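*Asks:*
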Amino acid sequence: MSVEARRREYLKALEIDVYTMRESNAEAEPADNSAGEQDDGSPLDWDALRRVVSNCTRCQLHQGRTQTVFGVGSQSADWMIIGEAPGAEEDRRGEPFVGRAGKLLDEMLRAVNLSRDTVFIANILKCRPPNNRDPSAEEMASCRSYLARQIELISPKIILAVGRIAAQHLLETDAPLGSLRGKKHQLVDGQVPVIVTYHPAYLLRSPTQKRKAWQDLCFARQVMDQQVL
Ligand code: URA
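Using my numbering, the first residue of the sequence shown is number -1, and each one after it goes up by one.
#1: Quick one: is the Cβ of ALA165 within less than 7 Å of any heavy atom of the ligand GTP?
#2: Exposed or buried, what is LYS124 when buried is set at 16 or more other beta-carbons lying within 10 Å of its beta-carbon?
#3: For ILE122 and ALA165, I'd like the C-alpha separation in whole angstroms.
#4: Quick one: is the Cβ of PHE95 within less than 7 Å of any heavy atom of the ligand URA?
#5: Where does GLN207 land, buried or exposed, given buried means 16+ other C-beta within 10 angstroms?
#6: Assuming LYS155 contacts MET222 under a Cβ cut-off of 8 Å, what Cβ separation, rounded to an integer in Å, is found between them?
#7: Is GLU150 close to the ligand URA? I mean its beta-carbon at under 7 Å from any heavy atom of the ligand.
#8: CB PHE118 to CB ILE163, shorter than 8 Å?
#9: Just the C-alpha distance for TRP212 and ILE80, rounded to the nearest angstrom, thanks.
#10: Reducing DSSP to helix, strand and coil, say where THR66 ends up.
#11: Here's the rule: buried if 16 or more other CB atoms are within 10 angstroms of the residue's CB, otherwise exposed. What is SER32?
#12: Have a look at the DSSP bridge pairing and note the partners of TRP77.
#13: Which class does GLN213 belong to by DSSP, given the choice of helix, strand or coil?
#14: Given the structure, does HIS197 come close to the ligand URA, in the sense that its CB is under 7 Å from one of the ligand's heavy atoms?
#15: Is the CB-CB distance between GLU248 and PRO127 below 8 Å?
#16: Where does GLN224 land, buried or exposed, given buried means 16+ other C-beta within 10 angstroms?
Okay, here's the thing in structure tokens:
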């Protein structure tokens, strides 16, 4: 049981009412290496995690956001798709990959018989960096435990990392994206296979690379099929 939960038990036994400013604020200040815990000391469940993320002030990005972008899709998805960070449109709508790059991602998923509803799509960062700049190391570190808990709760059979930033952060490497493609990686702190491909925003700028992205998706499908055998 957490210290806070024990304190509340004592106060309740003494018939002293406990007031908190806002339940979500009480949850929003866990150590950065953990997404936080519930009153009984257990790890956050899906709803509590969503609440904690939506109130997060761990890094300065909270100051400029319209809202956090938690992720979208099935909580029991076999596939998790992980991108970099919300852009302007995602910040406005509260959903990842809803701009032009998102439309292309939808098409890429459809090509391997997947859809937005059957996978889970999330980002390394839950808040939009200003002017679409790259996330900083500190911002990614602040957000890491939220994504880690999402992965734990969903327990996907495969992760598709889209783009260099997502791939390097998940795999804790500085290797260039080109050298990470075409291999079955393992999450550093888990057993889930990770396949790396290009970011759809890059593919919009360099459409001749779409063929390689198609190869990556076919490879991911193969790895996934081996997982379920
Ligand atoms: N790019 C990303 O990496 N994620 C989004 O949600 C949108 C654009």
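No residue lacks a Cβ here, since even glycine has one placed at the ideal position from N, Cα and C. As the structure is a computational prediction, the values presented were derived from the model and not from experiment.
*Replies:* Reading from the atomic positions:
#1: This structure simply doesn't include the ligand GTP; it includes the ligand URA instead.
#2: Mapped onto the sequence shown, residue 124 falls at position 126. Answer is buried; the Cβ neighbour count reaches 16.
#3: Counted from its first residue, the sequence shown places residue 122 at position 124. Counted from its first residue, the sequence shown places residue 165 at position 167. Each residue's Cα considered, the two are about 10 Å apart.
#4: To locate residue 95, count along the sequence shown from 1; it is residue 97. At least one heavy atom of the ligand URA lies less than 7 Å from the C-beta of PHE95.
#5: Within the sequence shown, the letter at position 209 stands for residue 207. Looking at its Cβ environment, which holds fewer than 16 other Cβ atoms inside 10 Å, GLN207 is exposed.
#6: Position 157 of the sequence shown, counting from 1, holds the residue named residue 155. Position 224 of the sequence shown, counting from 1, holds the residue named residue 222. Confirmed, Cβ separation roughly 6 Å.
#7: Against the sequence shown, residue 150 aligns to sequence position 152. Short note on GLU150: C-beta not closer than 7 Å to any heavy atom of the ligand URA.
#8: Taking the first residue of the sequence shown as position 1, residue 118 is located at position 120. Taking the first residue of the sequence shown as position 1, residue 163 is located at position 165. No.
#9: If you number the sequence shown from 1, residue 212 lands on position 214. If you number the sequence shown from 1, residue 80 lands on position 82. Straight across, the Cα-Cα distance linking TRP212 with ILE80 is about 17 Å.
#10: For the purposes of this step, residue 66 is identified with residue 68 of the sequence shown, where counting begins at 1. Note: THR66 maps to coil in three-state DSSP.
#11: To locate residue 32, count along the sequence shown from 1; it is residue 34. Of the other Cβ atoms in all chains shown, fewer than 16 fall within 10 Å of the Cβ of SER32; this residue is therefore exposed.
#12: In the sequence shown, counting from the first residue as 1, residue 77 sits at position 79. As computed with DSSP, TRP77 is found in a beta bridge with ILE156.
#13: Along the sequence shown, one-based indexing puts residue 213 at 215. In this structure, GLN213 counts as helix in the three-state DSSP scheme.
#14: Along the sequence shown, read from residue 1 onward, the residue named residue 197 stands at position 199. HIS197 Cβ: within cutoff of the ligand URA.
#15: The structure shown has nothing for residue 248, since the chain only spans -1 to 227.
#16: The count along the sequence shown starts at 1 and reaches residue 224 at position 226. Answer is exposed; the Cβ neighbour count stays below 16.
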